[in-house]
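K.L.:
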Amino acid sequence: MKLKRLFQVLVLGGTSLVAACGGSEGGSNNRPPGGNNTPPPQSLLPDGGTPPTGYDGPLIW
Amino acid sequence: MVDAAGALIAQVWAVRHGVETGASLRFAALSQGMRGAGAPATLVELAARASADEVRHAAHCADILRSRRADVPPPETRLLFFGPRDLAPEQRLTYEVVAQSCISETESMATLVTLLDAASDAHLRTVLQELARDEVQHARLGWAYLAWAKDRLDLSFLSAFLPAMATAATGEDLFQPGPPEADDPALLRSGVVPKRDRRRIYLETLHSVVIPGFEEFRVDTGPLRRWAEDKQRVVDALES
Numbered sequence: 001m002k003l004k005r006l007f008q009v010l011v012l013g014g015t016s017l018v019a020a021c022g023g024s025e026g027g028s029n030n031r032p033p034g035g036n037n038t039p040p041p042q043s044l045l046p047d048g049g050t051p052p053t054g055y056d057g058p059l060i061w
Numbered sequence: 001m002v003d004a005a006g007a008l009i010a011q012v013w014a015v016r017h018g019v020e021t022g023a024s025l026r027f028a029a030l031s032q033g034m035r036g037a038g039a040p041a042t043l044v045e046l047a048a049r050a051s052a053d054e055v056r057h058a059a060h061c062a063d064i065l066r067s068r069r070a071d072v073p074p075p076e077t078r079l080l081f082f083g084p085r086d087l088a089p090e091q092r093l094t095y096e097v098v099a100q101s102c103i104s105e106t107e108s109m110a111t112l113v114t115l116l117d118a119a120s121d122a123h124l125r126t127v128l129q130e131l132a133r134d135e136v137q138h139a140r141l142g143w144a145y146l147a148w149a150k151d152r153l154d155l156s157f158l159s160a161f162l163p164a165m166a167t168a169a170t171g172e173d174l175f176q177p178g179p180p181e182a183d184d185p186a187l188l189r190s191g192v193v194p195k196r197d198r199r200r201i202y203l204e205t206l207h208s209v210v211i212p213g214f215e216e217f218r219v220d221t222g223p224l225r226r227w228a229e230d231k232q233r234v235v236d237a238l239e240s
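If you're matching them up, the sequences are chains C and Y in order. Residue numbers for the first sequence, in the working numbering: 1 to 61. Residue numbers for the second sequence, in the working numbering: 1 to 240.
#1: What runs of the alpha helix (DSSP H), each 4 residues or longer, lie entirely inside the segment 139-211 of chain Y?
#2: Once DSSP output is grouped into helix, strand and coil, what is the label at L80/Y?
#3: Does the separation of the CB atoms of P241/Y and P185/Y fall below 9 Å?
#4: Measuring straight from C-alpha to C-alpha, what distance separates A52/Y and S24/Y?
#5: With 9 Å as the threshold, decide whether the Cβ of Q11/Y is near any Cβ in chain C.
#6: E130/Y and H60/Y: beta carbons closer than 9 Å?
#7: Going by alpha carbons, who is nearest to V98/Y out of A168/Y, Y202/Y, E181/Y, L174/Y?
#8: Excluding the 5 residues preceding and the 5 following D220/Y in the sequence, name in chain order all residues of the same chain whose CB lies nearer than 8 Å to its CB.
#9: Identify the contact partners of S104/Y in chain C, using a Cβ-Cβ distance below 7 Å as the criterion.
#10: Please list, in chain order, all residues of the same chain as R92/Y whose beta carbon is under 7 Å from its beta carbon, the five residues on each side excluded.
#11: Quick one: Cα of L10/C to Cα of G213/Y, how far?
#12: I need the straight-line Cα distance from L30/Y to V113/Y, nearest angstrom please.
#13: Taking 9 Å as the threshold (beta carbon to beta carbon), is A59/Y in contact with chain C?
#14: Could you confirm whether any beta carbon from chain C is found closer than 9 Å to the beta carbon of A41/Y?
#15: What is the C-beta distance between R140/Y and L45/C, in whole angstroms, given that I count them as a contact (C-beta under 8 Å)?
#16: Pick from R56/Y, V209/Y, Y145/Y: whose alpha carbon is nearest that of D134/Y?
#17: Is the CB-CB distance between T205/Y and L3/C below 9 Å?
#18: Give every residue of the same chain whose Cβ lies closer than 7 Å to the Cβ of A10/Y, excluding the five residues on either side of it in the sequence, and list them in chain order.
#19: Below 7 Å between beta carbons is the criterion; list the residues of the segment 53-87 of chain Y that meet it against any residue of chain C, in chain order.
#20: Distance check for L238/Y and F161/Y, CA to CA, integer angstroms please.
#21: Please name the residues in the segment 201-224 of chain Y whose beta-carbon is closer than 7 Å to at least one beta-carbon of chain C, in chain order.
#22: Are there 16 or more other CB atoms within 10 angstroms of the CB of G222/Y, so buried, or fewer, so exposed?
#23: Taking Cβ-Cβ distances shorter than 7 Å, what residues in chain C pair up with E107/Y?
#24: Going by DSSP in three states, R69/Y sits in which element: helix, strand or coil?
#25: If you follow the alpha helix (DSSP H) that R225/Y is part of, which residue opens it and which one closes it?
#26: L46/Y to R196/Y, Cα distance in whole Å?
#27: What residues from chain C crowd round A186/Y, counting only those whose CB sits closer than 9 Å?
#28: Are the CB atoms of C21/C and L224/Y nearer to each other than 9 Å?
#29: Compare the C-beta of T111/Y against all C-beta atoms of chain C and say whether one is closer than 9 Å.
#30: Beta carbon of L6/C, beta carbon of M165/Y: below 9 Å?
#31: Anything in chain C within Cβ reach of W143/Y, meaning under 7 Å, just list it in chain order.
#32: In the DSSP assignment, find the alpha helix (DSSP H) that holds G57/C and state where it starts and stops.
What follows is the structure, encoded as structure tokens:
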């Protein structure tokens with residue numbers, strides 16, 4: 001029962017969050033101006049991050 | 001409580017300190033990545049706020065460690081990403097958002113709910129309530145991001161990666177045998193879920209929240225279901 005509630009709060013709650021901020025069309029998004037002529041970025045994450053080599057710990061509580 | 005249990009409790013809170021500081025770094029990077037991808041400002045801000053939340057959570061973990069006269073470990077300083085580097089930029093960002101929020105934060109919420117139910121100490125309960133309030137938003141962020149991304153990106157690539165994400169979330173230890181004190185129900189009073197229960201909660205949450213969540217976005221969950229079945233067999237063997 002609690003897990004069903006978690007599904008509603010987290011998954012459905014998250015989905016409705018996007019709807020509330022303008023739908024899946026994006027609402028007030030942050031894409032830089034430039035329209036379709038703007039080339040896609042090479043990377044969206046800084047410097048590719050550090051590979052997880054050597055880390056075998058958890059990411060959860 | 002015997003010393004071995006006390007040491008185990010301190011170890012768990014020390015690991016959480018690392019989990020929180022590492023998550024803070026990742027959320028800050030994810031916020032930047034979402035901004036670059038043109039995601040709604042609400043999501044960009046939510047990720048930035050999550051980064052700050054995790055610093056505060058780590059401080060709570062440190063306070064609890066000090067109250068137990070245990071050492072506070074140094075913060076995680078590595079920005080750890082887990083997805084393949086050869087994914088396209090928007091796929092890679094999506095991989096990391098999903099791994100962090102849809103799996104790790106969603107699973108952590110189930111643990112926090114369990115701990116809240118068991119918490120009798122007023123201070124611990126206050127801390128857990130604060131964390132749970134924040135973690136709801138951290139988990140929602142991932143599902144919200146998928147709701148935004150689904151019209152811009154074919155999410156089917158995620159399917160094959162879900163087992164690796166689920167493995168990374170648990171780390172190496174969860175499905176390994178533990179010392180007897182790791183299953184002591186009395187651990188709950190100190191904010192630690194006994195290992196046997198953590199395994200059960202992890203798999204139940206996969207089946208009841210995470211897998212149905214991905215299915216909302218039509219991501220094939222067959223590989224993740226098979227991973228969960230394999231882990232269930234490991235659990236059955238450990239508990240037989």
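Idealized CB from N, CA, C, for every residue including glycine.
P.N.:
Let me spell this out:
#1: 162-170, 195-205
#2: strand
#3: Because chain Y in this structure spans residues 1 to 240, residue 241/Y falls outside the shown range and cannot be described.
#4: 7 Å
#5: no
#6: yes
#7: A168/Y
#8: S156, S159
#9: L59, I60
#10: G83
#11: 9 Å
#12: 26 Å
#13: no
#14: yes
#15: Their Cβ separation, rounded to whole angstroms, is 21 Å, which puts R140/Y and L45/C out of contact at 8 Å.
#16: R56/Y
#17: yes
#18: L65, R68, A70
#19: R78, L79, L80, F81, F82, R85
#20: 26 Å
#21: E204, T205, S208, V209, P212, G213, E216
#22: exposed
#23: I60
#24: coil
#25: 222-239
#26: 33 Å
#27: Within chain C, no residue comes near A186/Y; the closest Cβ sits about 18 Å away, beyond 9 Å.
#28: no
#29: yes
#30: no
#31: L10, V11, G14, T15
#32: Neither: G57/C is in no alpha helix (DSSP H) and is coded neither H nor E.
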